[in-house]
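In this note's numbering, the protein residues as written are 1240 to 1454. Heads up, the beta-carbon is just placed ideally off N, CA and C, and yes, glycines get one too. Only one structure is covered here, and it is reproduced in the block below.
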């Protein structure tokens, strides 16, 4: 990473967050020291505490902002007045696009929950629950209207989120499948899982999903 010594506070703080995500994803939260982070950014270790008084403050900020970004992205991607199939397709597209664009941040957000204090963990879990409720509402709407055939809405929602988030483990840009092809395949799997059919038009990743990547 380029050294940022001498830059203004806002740029330095952004550099700290970016470097922290990369280091925590690579080394783990416990192994990443503030001294190591300072060296990565190119500042004195004492300077980090202007922005984040403790290492946990930094981790919590990264996790909170990741979830806030995901919720905001879904708010922007949610199709108004659409049927359950179209809403589910939009949810899948947005989820995959958002997480592929933020592979390291997603890894940190999922793997380091154990490193948060109880109160902060509770806040992050509330955000995650709010996001999952959006999916459960779509599934419930589809089931109640006979569009989906689902035995357990909660279990199905958890299975779908795990499946979609798992794409970051194996997907690499430039390999056999493009993001669009991966999304189309995951849309097909999702619709089969909920007992629905998906039209050819719906199966194509929308421009909306591509826009979300740049959030």
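The Cβ neighbour count for residue 1403, taken over all protein chains shown within 10 Å, is at least 16; the residue is labelled buried. Here the C-alpha atom of residue 1433 lies approximately 24 Å from the C-alpha atom of residue 1315. A Cβ-Cβ separation of about 29 Å leaves residue 1374 out of contact with residue 1295 under the 8 Å criterion. Taking a 10 Å sphere around the C-beta of residue 1413, we find fewer than 16 other C-beta atoms and assign the residue as exposed. By the beta-carbon neighbour count (other beta carbons within 10 angstroms, threshold 16), residue 1384 is exposed. DSSP, reduced to helix, strand and coil, places residue 1323 within a helical segment of the structure shown.
Under the three-pair Cβ rule at 8 Å, the stretch 1346–1365 counts as touching the stretch 1291–1311. Look at residue 1385 here: in three-state DSSP terms it is coil, with no helix or strand label. Using a Cβ-Cβ distance cut-off of 8 Å, the stretch 1358–1374 and the stretch 1335–1346 are not in contact, since fewer than three pairs of beta carbons, one from each stretch, lie closer than that value. Pairing residue 1347 with residue 1290 gives a Cβ-Cβ distance that is not under 8 Å.
Residue 1342: member of the alpha helix (DSSP H) spanning 1342–1350, first to last residue.
The C-alpha of residue 1330 lies about 32 Å from the C-alpha of residue 1250. DSSP places residue 1271 outside both helix and strand once states are collapsed to three, so it counts as coil. Around the CB of residue 1318, fewer than 16 other CB atoms lie within 10 Å, so the residue is classed as exposed. Note that the C-beta distance between residue 1381 and residue 1324 is below 8 Å. DSSP, read as helix, strand or coil, puts residue 1289 in coil. Secondary structure note for residue 1314: its alpha helix (DSSP H) is the uninterrupted segment 1294–1316. Non-local C-beta neighbours of residue 1260 in its own chain, meaning closer than 8 Å and more than five positions away in sequence, comprise 1301, 1343, 1344 and 1347, ordered along the chain.
Across the structure, residue 1425 and residue 1321 are spaced so that their CA atoms are roughly 20 Å apart.
Excluding five sequence positions before and after residue 1272, none of the CB atoms of its chain fall closer than 6 Å to its own CB.
Taking the CA atoms as reference points, residue 1376 sits about 12 Å from residue 1395.
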